[in-house]
Amino acid sequence: MTNYISRAEADELCDELIRQFMGDTDHELCVDIDCFVTHYLRCPVVYENFAEDDPDKIGFASDGVQPLRVRTNGRTLEQVYPQRTIVLDRVLLNPGEEYRRRFTIAHEAGHIIASRMDPNVHAGFHRVHDECRLYTAEELRQRLNIAEWQANVIAAALLMPRFIVKDALVQFNGGRRLPVYGSNIFAVREKVILQKMAKSLGVSHTALIIRLRDLDALKYHDLSEFIDKELRPGGVMM
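What follows is the structure, given as structure tokens:
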């Protein structure tokens, strides 16, 4: 039986991992995820031209068994990489892909961390299942979804550990939670703060908002309050 890591466990574990990695000195808000993976976790990172059927697959954490389809010298090959090697699609080296590249490497690191904690967990998007058990299609779908959810949770906790998010809120908003109106509406002031925070943390705007929600770092207000404060009669935006 595979034991999956909860969000609370991921937060506690990743806080300590990043604290150990950064040391006791003053730290930057942006986690050097490349150095963390290669030097702290001791996982090599390589870039290849992916040739998988699913174009959404842009990262791979090898278990040393399952092959990855890559294109090299005009040929498509099935390449087996050493266990715990992280392979990223070269598309992530293109301009404008830095945030997605950082999250992808953190996501694959999440698979590797999970595999180190539980020998029944196998890294990467190619999964090795218990050959003695007959899985239903629904069980397979749920298992894969949980594994990917877990890797995303760990990735967010590595890139945005709680103590760094707290420091960012202190720096950009005096330590206060950010106001949000309804479920998704931010005033101009908060949008500027979110942009500055995301840039400082080295993550996308969307990833930051999800993380702030998970950490209860948003303060919810009724949408009518936003309309009263930010919209003038006649629909003119301030």
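Residue numbers for the sequence shown, in this note's numbering: 1363 to 1600. A virtual CB, placed ideally from N, CA and C, is assigned to each residue, including glycine. Since the model is a prediction, treat every value here as computed from it, not as a measurement.
Under DSSP, P1444 takes part in no beta bridge, so it has no partner. Taking the CA atoms as reference points, N1546 sits about 14 Å from R1573.
About 6 Å separates the CB atoms of D1529 and L1391; that is less than 8 Å, so the two are in contact. Here G1472 carries a helix assignment [DSSP, helix/strand/coil].
In the three-state DSSP reduction, F1412 falls in the strand class (E or B). Membership of H1567 in the alpha helix (DSSP H) is indicated by the continuous run 1567-1576. The Cβ atoms of A1471 and I1516 lie closer than 9 Å to each other.
Here S1566 has Y1461 as same chain residues with Cβ atoms under 6 Å from its own Cβ, once five neighbours each way along the sequence are excluded. In the three-state reduction of the DSSP assignment, H1401 falls in the helix class.
Listed in chain order, the non-local C-beta contacts of K1558 below 6 Å within the same chain comprise F1534, local neighbours out to five positions each way being set aside. Contact between I1467 and L1455 fails: their C-beta atoms lie close to 12 Å from each other, not under 8 Å. A1519 places its beta carbon less than 9 Å from that of D1373. By alpha-carbon distance to L1563, the top candidate from D1394, R1369, Y1366 is D1394.
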